[in-house]
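Report on the structure given below.
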Amino acid sequence: MNRARRYIVGGVAIVASIFVFLVPFAFIILTAMKDKKQAALREFSWPKEIHLWDNIVEVIETRDYQLLTAFVNSSIITVASVTLLVIFGAMVGFVLQRRPSRWTKIVSFFVLAGLIMPPAVVPTIWLMQSIGLFKTMHGFVLVQVAYGLSFTVLLFKNFVSTIPRELDEAAIIDGAGPVRLFFQVVLPLLKPVVVTVIVVQAVAIFNDFTNALYYLPGKQNVTVQLTLFNFQSQFLTQFNLLFANILLITIPPLLVYMFFNRQIVAGMTAGAVKG
Amino acid sequence: MTAELSAPLAGVRPLNRARPQLVTAYPSWFYLPAALIYGVLFLFPTIASLFFSLTRWTLFDWTFIGLGNFEQFFREPFLFQGLVNTLIYGVVTSGAKVVLGLLLGLLLTSDIIGRGYLRAVVFFPVLVSTVGVGITFTTMMHPTQGLLNESLALLGIKGPGWLTDPRFALLSVAAVDVWKGVGLATVIYMAGIVSIGSEYYEAAKIDGATAWQRFWTITLPLVKPATVTVVTLSLIGGLRSFDLIWAMTKGGPGFTSDVIASVIYKQYQAGFYGLSTAGNVVLFMMVAVIIVPLSWFLNRGETDR
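Spelled out as structure tokens, the structure:
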């Protein structure tokens, strides 16, 4: 492409991107910095006085530090779910790729079903109530694992096929059993895809609103996405606090993006080239 | 194959012994933890939903009413509207993501200034909380005070009530969905475009093909796997979509932007558990009926080539 076009097309794209993509984020930050009165005007303008810190403190203190509780809860849920997903998903992906058997087709079918099918919510609530998992954090973790397994298994299965079988055989000859083979030989080799799974699933689970709405109602086990929703009615006229809250819960994904940009894109585009 | 070979060589015992050992290196019980969680919390409720959708249900007690819930779903205008809206929402969002994703993918793989910045800024909304995005755009789409209409007013255009006008509500939410999701379609297309060998373009250039011809006869057919992924992913997501709609309009005004997923939640809240579950069954029937033939059709073309 010739030099002038390179600058013109790029320049136009940059200007357009400012209006389309940066303005909404700037709006969040600006509103979070305003006082209550000015924020209520919904204007895209520079704050008269900067109240960012006051707003953040007030949001955190609201409802007896609910946002802090929510951050702790969301972190616990995310870490626990992702850990289980990585271990159980890798185990399935490993055996699924290594050992074709009559199970392979059935498992592959359920993996696909899990990717496509929307979960049946009310029967799940009914089931969780009857086994004491409804409204509990561990129950919610298990639900996240159940819903995230399909995608995880798919990623692991594709990656296991790139690890030579000879390594397995060498380990077996050295006397490793299946558990040692998997945890000490194979799992360390899966590190790149493990990072991808962790990042992609962590963002998905941290941002999950729908499932938290159904399976974790109530104040005790509130998650960050729910605080936003709870605050929406409470802060109906307090846009400064609402947007300070949005700003706060956007920081974790931003950090993840800054450090793991490549893995996220790799995970989310997995299968795009191969089909 | 090993079995056939080993029959005449019955004397070679170590080979025979090595085989069962290799098999147990990949034990079936590795499926067990995952299968248990998936089976109990996903599969079982799905199967149970087929039954409970045929009942009037209080969670403690049920009465069998046959297809009554489904009948209601197709008869009541406010429920049926949700069905139609789901289709519109799914088709509009995935169509827009395919077109815009491909255009952005081409733009961001071409040699322009600020490419790294543009890639980052297009992709970032994918990672942001959907509810946060919903609230932000709801505020900016306010009919009189919102940023969108105030900007349009500067240009002398009177913007509509994006979320308050029944004609626009669903499409406005769909537009925000595209804003948030187009980054994913773009990176998928970028991966597809980069994997096309440059020799095709060089050959076409030598033959004197115009840029348009090169796009139409090389790029478009060869990014088909990416298109298949984008279409299926965004259709699955679009048909199931709930959080953005709930954060922006709650299905309103009236029920003009209700989709099946929001109907399911509303009926659940109202305590009509049987009806809500029937909605769920309708939704997954719809997803299956659209996605399964579509992916079969799209992937069949792939193996033919």
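So the protein sequences, as listed, match chains A and B. Position one of the first sequence corresponds to residue 726 (the numbering used here), numbered consecutively onward. Position one of the second sequence corresponds to residue 4 (the numbering used here), numbered consecutively onward. Cβ atoms here follow ideal geometry from the backbone N, Cα and C, with glycine treated the same way. Bear in mind the structure is a predicted one, so any value in this text is a computation, not a measurement.
- prompt: Sorted by chain position, which residues of the same chain lie with C-beta nearer than 8 Å to E783(A)'s C-beta, five sequence neighbours on each side aside?
  reply: L966, A969
Whole-angstrom distance between F55(B) and V125(B), CA atom to CA atom: 43 Å
- prompt: Taking the C-alpha atoms as reference points, what is the distance between E153(B) and F884(A)?
  reply: 51 Å
Reference T935(A), options I923(A), V924(A), F954(A), T921(A), closest by Cα: F954(A)
- request: Give the residues from the segment 264-283 of chain B that approach chain A closer than 8 Å (Cβ to any Cβ), ordered along the chain.
  value: A264, I267, Y268, Y271, Y276, S279, T280, N283
- prompt: Relative to the alpha-carbon of T167(B), which residue among I191(B), G255(B), V94(B) has its alpha-carbon at the smallest distance?
  reply: G255(B)
query: When you check each C-beta in the segment 121-146 of chain B against every C-beta of chain A, which residues fall closer than 8 Å?
result: L121, A123, V124, V125, F126, F127, P128, V129, L130, V131, S132, T133, V134, G135, V136, I138, T139, F140, T142, M143, H145
task: Verify the CB distance criterion: does R788(A) have a CB-CB separation below 8 Å to chain B?
output: no
- prompt: So, helix, strand or coil for R78(B), using DSSP?
  reply: helix
- prompt: Since L44(B) meets chain A, which of its residues come closer than 9 Å, beta carbon to beta carbon?
  reply: P844, T849, L852, M853, L858, G864, L867, V868, V870, A871, Y872
message: Counting only Cβ pairs nearer than 9 Å, list the residues of chain A close to Y117(B).
response: As written in the sequence, residue 117(B) is Gly, which differs from the Tyr given in the question. Simply G735, G736, A738, I739, S742.
task: Give the DSSP bridge partners of W60(B), in chain order.
output: W65(B)
- prompt: Which residues, in order along the segment 961-979 of chain A, keep a beta-carbon less than 8 Å from a beta-carbon of chain B?
  reply: F964, L967, F968, I971, I974, T975, P978, L979
- request: Kindly indicate if chain A contains any beta-carbon less than 8 Å away from that of T89(B).
  value: no
- request: Please report the residue range of the alpha helix (DSSP H) in which G814(A) lies.
  value: 777-823
- prompt: Who are the neighbours of G992(A) on chain B, taking C-beta pairs under 8 Å?
  reply: The premise fails here: G992(A) is roughly 10 Å from chain B at the closest Cβ pair, so nothing lies under 8 Å.
- prompt: Any idea what DSSP makes of E1052(A), helix, strand or coil?
  reply: Absent from the structure is residue 1052(A), since the part of chain A shown begins at 726 and ends at 1000.
query: What first and last residue would you give for the alpha helix (DSSP H) that runs through Q988(A)?
result: 964-993
query: Are the C-beta of V932(A) and some C-beta of chain B separated by less than 8 Å?
result: First, the amino acid is wrong: residue 932(A) is Asn here, not Val. Yes, N932(A) lies at the interface with chain B (some Cβ there is under 8 Å from its Cβ).
field: Per-residue contacts from P889(A) into chain B (C-beta, under 9 Å)
entry: Going along chain B, no residue has its Cβ under 9 Å from P889(A), so there is no contact; the nearest lies around 14 Å.
task: Closer than 6 Å by C-beta to G104(B): which residues in its own chain qualify, once you throw out the five before and the five after it? Chain order, please.
output: V185, A188, T189, Y192, V233
- prompt: Would a C-beta distance cut-off of 8 Å place F985(A) and V924(A) closer than the cut-off?
  reply: yes
- prompt: Name the chain B residues whose beta carbon is nearer than 8 Å to that of W828(A)?
  reply: S31, Y34
query: Taking one C-beta from the segment 271-282 of chain B and one from the segment 208-220 of chain B each time, how about it: are there three or more such pairs within less than 8 Å?
result: no
message: Judging by CA-CA distance, which residue of T803(A), F907(A), V807(A) is the nearest neighbour of I888(A)?
response: F907(A)
- request: Under 8 Å by Cβ, that's how I've got A937(A) and L951(A) pegged, so tell me the actual separation to the nearest angstrom.
  value: 5 Å
query: Is A751(A) helix, strand or coil by DSSP?
result: helix
query: Is there a Cβ from chain A that is less than 8 Å from the Cβ of I248(B)?
result: no
- request: Please decide whether F985(A) counts as near chain B, where near means a Cβ-Cβ distance under 8 Å.
  value: no
message: Once DSSP output is grouped into helix, strand and coil, what is the label at L236(B)?
response: helix
query: Assuming Y939(A) and V797(A) make a contact with CB atoms under 8 Å, what is their CB distance in whole Å?
result: Wrong, their Cβ atoms sit about 21 Å apart, outside the cutoff.
- prompt: Does DSSP classify Q24(B) as helix, strand or coil?
  reply: For Q24(B), the pLDDT reaches just 49, beneath the cut-off of 50, and the residue's location in the model is therefore unreliable, although a value from the coordinates is still provided. Helix at Q24(B).
- prompt: Quick one: what does DSSP say A741(A) is sitting in, helix, strand or coil?
  reply: helix
Minimum C-alpha distance to A229(B) - residue among L35(B), L106(B), F67(B), F63(B): L106(B)
- prompt: Quick one: what does DSSP say V285(B) is sitting in, helix, strand or coil?
  reply: helix
task: Label A863(A) either buried or exposed according to how many other C-beta atoms from any shown protein chain fall within 10 Å of its C-beta, with 16 as the threshold for buried.
output: Residue 863(A) is actually His in this sequence, not Ala. That one is exposed.
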